[in-house]
Amino acid sequence: MRLGIIGAGKVGISISYVLKSKGIDLYGVSSRREEALALAKNYLGESLVYTTDNFEIVQACDVIGITTQDKNISVVAKAISDSFLNLKGKIFFHTSGSHSLGPLLPLKEKGAALGSIHPLQTFPDVESAITALPKTYVFVEGEEEAMPVLENLAQLIGFRVYRIESEKKVIYHLAAVFVCNLLCALLYAGSNLIDMIGFDLQPFYPIIETTIKNVKEKGPVHSLTGPVVRGDVETIKSHIEILKNMPDHLSVYSSLSVFALEIAKKRRSIDPQTEREIEEILSELRR
Numbered sequence: 011m012r013l014g015i016i017g018a019g020k021v022g023i024s025i026s027y028v029l030k031s032k033g034i035d036l037y038g039v040s041s042r043r044e045e046a047l048a049l050a051k052n053y054l055g056e057s058l059v060y061t062t063d064n065f066e067i068v069q070a071c072d073v074i075g076i077t078t079q080d081k082n083i084s085v086v087a088k089a090i091s092d093s094f095l096n097l098k099g100k101i102f103f104h105t106s107g108s109h110s111l112g113p114l115l116p117l118k119e120k121g122a123a124l125g126s127i128h129p130l131q132t133f134p135d136v137e138s139a140i141t142a143l144p145k146t147y148v149f150v151e152g153e154e155e156a157m158p159v160l161e162n163l164a165q166l167i168g169f170r171v172y173r174i175e176s177e178k179k180v181i182y183h184l185a186a187v188f189v190c191n192l193l194c195a196l197l198y199a200g201s202n203l204i205d206m207i208g209f210d211l212q213p214f215y216p217i218i219e220t221t222i223k224n225v226k227e228k229g230p231v232h233s234l235t236g237p238v239v240r241g242d243v244e245t246i247k248s249h250i251e252i253l254k255n256m257p258d259h260l261s262v263y264s265s266l267s268v269f270a271l272e273i274a275k276k277r278r279s280i281d282p283q284t285e286r287e288i289e290e291i292l293s294e295l296r297r
């Protein structure tokens, strides 16, 4: 099996690095941007082919990963399909977390087998991605004829492999957005409040880290602490008073407190009267 990568971004370079280090025959990388190819060469070495011609990668390889930005996957796939009469025997996969096989379908018309490999990881830069991939869960989907190859590559890339159904891909990606992207947004919102007392996030890192550790060990339901789960109505009111001139923060506070109240109900940590009181306070905010 000879692998080629189309797209020299953070995902493409990092998975190429890991697969090459595990002994996969990596032929080369293509990109429209010369600076991206130069970065790829820094990590992958001089021996590979680095080209601006996607078709060279397709011609030379049995398995082709399209690791471009999501919006460009269908453009790349259509261009390849239009330029090759026969792709039978080749496997194409993309690395999008939100797309199923749809963007690759023009390639199926020419006989290719299709799939996707998505490491459930954040990729702020190549270095951190390479470090994180060995402990990352990897989700794959695809046509049955492609799955043995895709699952083998996914196992080499990460820690454990799961199959994901195509129709559930968007929900899967949305879940990742909540626990990763929006977590960063939430911490940014919290840092705005921290600025008001003249500090930065540094003193808050231990409580953040302990919370993540608790969630990992006990799950979110049994890790929640704070005023809602202990029924501290007066503290909730004092928070709302502070946030009354910060509508976006107040909206986040009230929305997430609804879920915190749901947890309190599951844990039966507060009495029914206090539950109703908090529920009314939050309902009033959301009107």
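Count along the sequence shown from 1, then add 10; that gives the number in the numbering used here.
Backbone N, C-alpha and C define an ideal beta-carbon position, used for all residues, glycine too.
Nearest-angstrom Cβ-Cβ length linking residue i and residue j, presumed shorter than 8 Å
i: S126; j: H183; result: In fact, because the Cβ distance is near 11 Å, the residues do not count as touching under 8 Å.
i: Q165; j: T146; result: So it is not a contact: roughly 11 Å between Cβ atoms.
i: G168; j: P144; result: 7 Å
i: H128; j: S106; result: 7 Å
i: L49; j: I90; result: L49 to I90, Cβ: 24 Å. No contact.
i: F214; j: I204; result: 7 Å
i: E175; j: E151; result: 7 Å
Residue burial classification, residue i (beta-carbon count within 10 angstroms, cutoff 16)
i: Y198; result: exposed
i: C360; result: Only positions 11 to 297 of the chain appear in this structure, which leaves residue 360 out of reach.
i: G208; result: exposed
i: H232; result: exposed
i: T235; result: exposed
i: G229; result: exposed
i: F149; result: buried
i: T220; result: exposed
i: M95; result: Sequence check: residue 95 is Leu here, not Met. Exposed.
i: A185; result: exposed
i: K223; result: exposed
i: S248; result: exposed
For residue i, the residue or residues it bridges with in DSSP
i: Y60; result: V39
i: P134; result: Note: P134 sits in no beta bridge, so no partner.
i: L13; result: L36, V73
i: S126; result: H104, E151
i: V171; result: V148
Identity of the residue in the options nearest residue i by Cα
i: E290; options: F209, I246, D258, R278; result: I246
i: A123; options: S93, F133, T61, P158; result: P158
i: F269; options: V238, H104, D63; result: V238
i: D3; options: P257, I204, Q283, P213; result: This structure does not reach residue 3, given that the chain is present from 11 up to 297, and the question cannot be answered.
i: L275; options: S265, I288, D135; result: Just to set this straight, residue 275 is Lys in the shown sequence, not Leu. Checking every option, the nearest Cα to that of K275 belongs to I288.
i: L192; options: L266, T141, I23; result: L266
i: A156; options: S31, K51, S264, V73; result: V73
i: I23; options: D35, A87, A46; result: A46
i: T61; options: R42, Y27, K32; result: R42
i: F103; options: G17, D205, F214; result: G17
i: G99; options: E153, D135, Q79; result: E153
i: V39; options: D63, G33, S31, K32; result: D63
i: L97; options: F65, T77, P216, D80; result: F65
i: E92; options: S31, I218, E119; result: It is Asp, not Glu, that sits at residue 92 in the sequence shown. That would be E119, whose Cα lies nearest to the Cα of D92.
i: S114; options: N82, D135, A142, T141; result: In the sequence as presented, Ser is not what sits at residue 114; that position holds Leu. Checked all of N82, D135, A142, T141; the closest Cα to L114 is N82.
i: V180; options: S248, P216, E44, D80; result: D80
i: M206; options: K51, M256, E44; result: M256
i: C194; options: V225, I218, I273, S293; result: I218
8 Å Cβ shell around residue i - same chain, five flanking residues per side excluded
i: L260; result: I250, L253, K254, L295
i: Y37; result: R12, L13, G14, L58, V59, I67, A70, C71
i: V262; result: L196, A199
i: G112; result: S84
i: I34; result: M11, L13, L163, L166
i: L54; result: I23, S26, Y27, K30, L36, V39
i: D258; result: A199
i: D281; result: G241
Cut-off 6 Å between Cβ atoms - residues of its own chain near residue i, not counting five sequence neighbours on either side
i: F133; result: K20, V21, A139
i: L211; result: S201
i: L271; result: V238, I288
i: S279; result: V239
Neighbourhood of residue i by C-beta distance below 7 Å, restricted to the same chain and skipping five residues each side
i: C190; result: T132
i: L163; result: L29, I127
i: R170; result: Y147
i: V86; result: I16, N64, I76, T78
i: L160; result: F103, G125, I127, V150, G152
i: V88; result: According to the sequence displayed, residue 88 carries Lys and not Val. Around K88: P116.
Residue-chain proximity (residue i, chain B), Cβ-Cβ < 8 Å
i: L197; result: The structure shown contains no chain B, having only a single protein chain.
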